[in-house]
Amino acid sequence: MTRPPVFVVEDYTFWFRTPMGEVAPTALENVSFEIEQGESVLILGQSGSGKSTLALNLVGIYPDYFGGRNQGRILINHPEKGLINRRELQPGERFQLVNMLFQNPEDQIVTLSVEEEVAFALENYLMDPADINPRIDRALDLVGLQGFRERSTLKLSGGEKQRVALAAMLAMEPKVLILDEPTSNLDPVGTSEVLEAIDRVRKRVDITLLVIEHEVDAVFDLVDRVVLVDEKSVHGPYEPRTFLERHGLDVRDHLGLWIPQSVEVALELRKAGTSIPRIPLNGNELVEALAPDGPLATVEAAKHEAVSSAPSSEPVIEVKDLSFSYGEGDVLRGLNLQVYRSELLAIVGQNGSGKSTLAQLFNGILTPTAGQVLVEGKPTTDYKFAHLVKRVAYIFQVPEKQFIRTTVFDEIAHGLRALKLSEEETEARVISFLERLRLLEHRDRSPYILSHGQKRRLSVACMVAAEPDVVVLDEPTFGQDYQQAQRLMQLLRSLANDGAAVVFITHDMRLVAEYADRCAVLSSGEIVFEGNPYRLFSSPEVLSQSKLKAPPIHEFSQRLVGQPMLDAHELTQRLKEVFGAESRTVV
Amino acid sequence: MPNLELSFREASSPFHRMTPSSKLVFVIGVSFVAIFNTNMWVGIGLFVFVLLLAAFATSVPLKTYWSLGKVILPFVIILFVVFPFFYSGQATTGSDIIVIRTPIRDLTWADIGFGSLLAFRFLAIGVSGLIFAFTTHPSDLVQSLSKRGWDYRLVHAPVLGLVLFPALLEMGREISITQRIRDLGQDTNWFKRKWVRLRHLAFAMLVLGLRNGQTQAMALDIRGYGAHKTRTFMRPMINNRAGTIFAWVFFILSVIYLILQWDPMTMQWNMQL
């Protein structure tokens, strides 16, 4: 039985307001769709495709608060008035019906304790204090934060902060809640906590959830519908399985979006002739479809062992008995680690485990409290800072923090001019970089007005243009879609192939699985594991201690072929070999 | 990053039980006496008094006061060391006769007393301010002031500041590191480099601050901040009669003392000298 719509969007078009007042190109064009009450809907789209703009229009932030022009209608189902044009409701009334959780929990926490944070909106809407207390308890219970009422918001982890922000929204008991990439700033354990909280809310509360999320492996299984935002248009809603069945590979290959690994494998097999009538949304369904009676074949273990081993050359960076403290307690304790040329080393661990601190010790931003960091055999403390940072380039998570010039061209040229290259040579090298990164057409624009993906590529380019020995990146693919992430990682791989050592800090285990040659796992300031990704994801005790999670393919590939595999393409090839050339139908 | 947290400490001390308004009256009383008092012994006594209150009536360890108080210590030491050399002429009065006593052997006990008085003045005000910060729940302060007719958005602003300040500091630190890494202003002299870096820091902080500020404004708006002229408060309002009596008695005694010691001829702010 279909339920009444909670949102009806009719032929809706939206234009941004420009600072100079001229007409900007449309951001959304002739959008029409309906969302039923109580549904969970995944909003998919490339970075910069208009997902957040759509969400902000549904909430009413655009155009009411930040301007812009719109045409068409957005109707909301009001409990008493029925379907009503959003504009006929007062903002306060509207926000109590439709609310939104943003990406970064730091941007939305506005008080100093958890209970005040959850109560904040209720107090603003003049709710009787006697009714507020039970709502706080209910909301905290929903997000799994019972017992956190009195805690200071300043002392929460990223995942806890995001769950507090979610509780603050739930306490208002809205009819619709929009979640804009709620896990993008979180480590694997924080991501799991938030997704579990969303699942609990979905099951226990009569609420419509609209989720914008890149973590597709977990989310596709949670939602009832999928909406695709592409080139200012909105397609759908679709039933998730039907959507993936019809558009899965197109979405991955042409739009450059992540799709679940189980779906990737199933669709590739289907393309090769294996008949899989029902596309599996998760690893369990894939195993049930392909190998219900146990593994189909065993992959030789030697193949995995050969994938990566510590290089035999001299390390370019050597960390010896390193400890570091900001004043109260050690952040890092007795670390030993080597970084080699031509390798991609992933540093992983929970938020607060010391990853960024370690990376900042590599190029002398911080100096060790005890022990040493040697670069090419010489302690970092013996280098001049200006000289060391040219050899060990550090790239921050937020690209804008790295920009110091007014044009894209000058950003890259800055580092080259410091090397005293001639203007001609500088220009030639900058142009070559801009072409490689597909930024040439933006050469005279301000770096601040590029899209997120372009900013990230530029921030990498301006640090690697001077050809450093080591490149250290903090969350290189943060906020990027599949295609952008792939391109960036390919750029890093080519730097490694040219002889640089690439060290990247990440929470994205798919990235580690697909690209890292080695990983170092930090937990509470100590390295608890060093080795290749296969060994890491096959060490449950390390994963549990450092609160990491293997990508889903690691688990379901073991059940399919008897050995864990980390790359969907590799697994697909193996399965194709197993199934042979003749087509086969699986249930 | 080192943690410098100027915020409420949960406890149940006499000061925690006082209303924010009573504590404000107390802090104003301390500040009046500290600023207008000219007797060094009263200055020392006032500092010892607030220090004893901090130690025994706030349930906050003195170590916590020290961790923040040490920030103003260099300023206090400068007052103590430098100002005795200006005593008698009293540079602050705008008098024609400004006596700068050099060398050191010319200093009198009165000169040193003058420096000490200034130092203890800021110590007493500083400690009383910290007592207020450590024992006043921000929500109680907002509630107390908004019930007295202040706009709650205005009085909530300092709370927002406390929440957002650490993130702003971190942003500034990272931009400064970037400037060093990328050697901004490399081809100029020291002064110009400092200027170029300061200008860039201001611009980058403005751009990133505006962007974050926009999200924060949205987060506040969609949670009804400013939707109504007033708001309710979940926390029950503190109402402690003993605390109120203590604060007002202290304030009245302060005023009486200041009236009794009033002598226009010795007051530092007397422009008639």
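Read top to bottom, the protein sequences are chains A and B. For the first sequence, position 104 matches number 104 in this note's numbering, and the numbering has no gaps at all. In this note's numbering, each number is its position in the second sequence, counted from 1, plus 1000. Every residue, glycine too, gets a C-beta built ideally from N, C-alpha and C.
- Of the candidates SER422(A), LEU177(A), LEU281(A) and VAL373(A), LEU281(A) places its Cα closest to the Cα of GLY248(A).
- Residues of the segment 121-133 of chain A with a Cβ closer than 9 Å to any Cβ of chain B, in chain order: ALA121, LEU122, GLU123, ASN124, TYR125, LEU126, MET127, ASP128, PRO129, ILE132 and ASN133.
- Against chain A, the beta carbon of ILE1175(B) has neighbours under 7 Å at LYS401, listed in chain order.
- Using a C-beta cut-off of 8 Å, the segment 216-225 of chain A makes no contact with the segment 90-110 of chain A, since fewer than three inter-stretch Cβ pairs fall below that distance.
- The three-state secondary structure of ASP1151(B), taken from DSSP, is coil.
- Not one beta carbon of chain A lies nearer than 8 Å to the beta carbon of ALA1057(B).
- For VAL1082(B), no pairing in a beta bridge is given by DSSP.
- Contact note: ASN99(A) reaches chain B through ILE1222, using a C-beta cutoff of 7 Å and chain order.
- Given a length threshold of 3 residues, each whole run of the beta strand (DSSP E) inside the segment 348-407 of chain A is given here in chain order: 370-375 and 392-395.
- The secondary-structure analysis by DSSP pairs TRP15(A) across a beta bridge with THR26(A) and ARG69(A).
- With a threshold of 8 Å between beta carbons, HIS1016(B) makes no contact with chain A.
- Sequence-distant partners of VAL1025(B) (beyond 5 residues in either direction) whose C-beta falls short of 7 Å from its own C-beta, in its chain, are ALA1247, TRP1248 and PHE1251.
- VAL1081(B) is classed as exposed because its beta carbon has fewer than 16 other beta carbons within 10 Å across all chains shown.
- The continuous beta strand (DSSP E) containing TYR238(A) extends over residues 233-238.
- Classified as buried, VAL1142(B) has 16 or more neighbouring CB atoms from the shown chains inside 10 Å of its CB.
- Taking all protein chains in view, the Cβ of TRP1066(B) is surrounded by fewer than 16 other Cβ atoms within 10 Å, so the residue is classified as exposed.
- Excluding the 5 residues flanking it on each side, ASN1240(B) has same chain C-beta neighbours closer than 8 Å at ARG1017, MET1018, THR1019 and SER1022, in chain order.
- Within chain B, the C-beta atoms nearer than 9 Å to that of LEU112(A) come from SER1007, PHE1008, HIS1137, PRO1138, SER1139, VAL1159, LEU1162 and VAL1163, in chain order.
- The residues SER1146 and TYR1152, in chain order, have a CB closer than 8 Å to that of THR1230(B) in the same chain once the five nearest residues on each side in sequence are set aside.
- Contact of PHE1233(B) with chain A by beta-carbon distance below 8 Å involves GLU123 and PRO129.
- Only those residues of the segment 380-408 of chain A whose C-beta falls short of 7 Å from the nearest C-beta of chain B are listed: PHE385, ALA386, VAL389, TYR394, PHE396, GLU400, LYS401, GLN402 and ILE404.
- Taking SER233(A) as reference, the option from GLN338(A), SER49(A) and GLN90(A) with the minimal CA-CA separation is SER49(A).
- Using a CB distance cut-off of 8 Å, ASN1189(B) does not count as an interface residue toward chain A.
- Relative to the Cα of GLU400(A), the nearest Cα in the group ASP1187(B), SER1176(B) and GLN1216(B) belongs to SER1176(B).
- Cβ neighbours of SER1139(B) within its own chain (closer than 6 Å, five residues either side excluded): ARG1235.
- Under the 10 Å beta carbon count, LEU495(A) is surrounded by 16 or more other beta carbons and is classified as buried.
- Excluding the 5 residues flanking it on each side, SER1116(B) has same chain C-beta neighbours closer than 8 Å at MET1040, GLY1043, ILE1044 and PHE1080, in chain order.
- In terms of CA proximity to VAL1071(B), PHE1122(B) leads the group VAL1033(B), PHE1114(B), GLY1029(B) and PHE1122(B).
- Listed along chain A are ILE404, each with a C-beta nearer than 7 Å to that of LEU1184(B).
- Interface with chain B (8 Å Cβ-Cβ cutoff): HIS414(A) is included.
- Using a Cβ-Cβ cut-off of 8 Å, VAL211(A) does not count as an interface residue toward chain B, since no Cβ of chain B sits closer than that to its own.
- The beta carbon of THR1064(B) does not come within 8 Å of any beta carbon belonging to chain A, so the residue lies off that interface.
- Within the model, the alpha-carbon separation for THR406(A) versus ARG443(A) is close to 10 Å.
- A residue is called buried when at least 16 other Cβ atoms come within 10 angstroms of its Cβ; ASN336(A) does not meet this threshold and is exposed.
- MET1040(B) is outside the set of residues whose beta carbon lies under 8 Å from a beta carbon in chain A.
- Apart from sequence neighbours up to five positions away, the residues of its chain that approach PRO260(A) with a beta-carbon distance below 6 Å are VAL216, ASP217 and PHE220, ordered along the chain.
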